[in-house]
Amino acid sequence: MSLTLESALALARAVLEEGQRRGCAPLAVVVTDPGGRDICALRGDGAGHLRIVIARAKAGGALGIGFNTRDVQVLAGRIPDFVAAANAATEGGLIPSPGGVILYRGGELAGAIGVSGDTGDNDEACILAVLKGSELQAAAPYWDN
Numbered sequence: 001m002s003l004t005l006e007s008a009l010a011l012a013r014a015v016l017e018e019g020q021r022r023g024c025a026p027l028a029v030v031v032t033d034p035g036g037r038d039i040c041a042l043r044g045d046g047a048g049h050l051r052i053v054i055a056r057a058k059a060g061g062a063l064g065i066g067f068n069t070r071d072v073q074v075l076a077g078r079i080p081d082f083v084a085a086a087n088a089a090t091e092g093g094l095i096p097s098p099g100g101v102i103l104y105r106g107g108e109l110a111g112a113i114g115v116s117g118d119t120g121d122n123d124e125a126c127i128l129a130v131l132k133g134s135e136l137q138a139a140a141p142y143w144d145n
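Position one of the sequence shown corresponds to residue 1 (full-length UniProt numbering), numbered consecutively onward.
Pasting the structure below:
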């Protein structure tokens with residue numbers, strides 16, 4: 001079951017607030033439905049306009065390939081030609097950097113979230129911090145990173 005607009009906005013706002021709390025660079029957040037279509041996109045004050053594009057590619061790429069973008073980064077290290085080809089085939093729609101997370105609710109696919117603005121590690125950390133204690137869960141890592 002897809003996220004509602006209200007729940008997607010609350011998630012996106014919470015991630016922006018978490019980034020501010022952590023002292024991250026300004027972030028952008030895109031939350032999608034299970035098909036990779038935007039539910040909401042928010043750009044924090046001072047975040048560059050391309051950050052939305054990158055966040056969208058992180059969310060959509062995670063859904064499209066079937067695992068979080070941290071695992072795409074691992075895959076890029078193991079099979080770089082595959083990731084390069086997939087990125088070319090999707091016209092830049094596969095970002096091999098943490099910050100794209102597939103979302104589940106009660107074991108059912110709910111959508112994805114992409115964050116961009118700081119390091120990939122910090123982008124992802126903001127997502128995971130907000131998910132703790134929420135009704136949403138991140139997809140499990142594909143590999144032991």
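Every residue, glycine too, gets a C-beta built ideally from N, C-alpha and C.
- Using a 10 angstroms sphere on the CB of Ala112, the tally of other CB atoms reaches 16 or more, which defines it as buried.
- As computed with DSSP, Asp38 is found in a beta bridge with Thr32.
- Contact annotation: the stretch 88-98 does not touch the stretch 2-14, with fewer than three C-beta pairs closer than 8 Å.
- A straight-line Cα-Cα distance of about 8 Å links Thr4 and Ile39.
- For Ala28 and Glu135, the gap between their C-alpha atoms comes out near 22 Å.
- Straight through space, the alpha carbons of Asp45 and Ala84 are spaced by roughly 32 Å.
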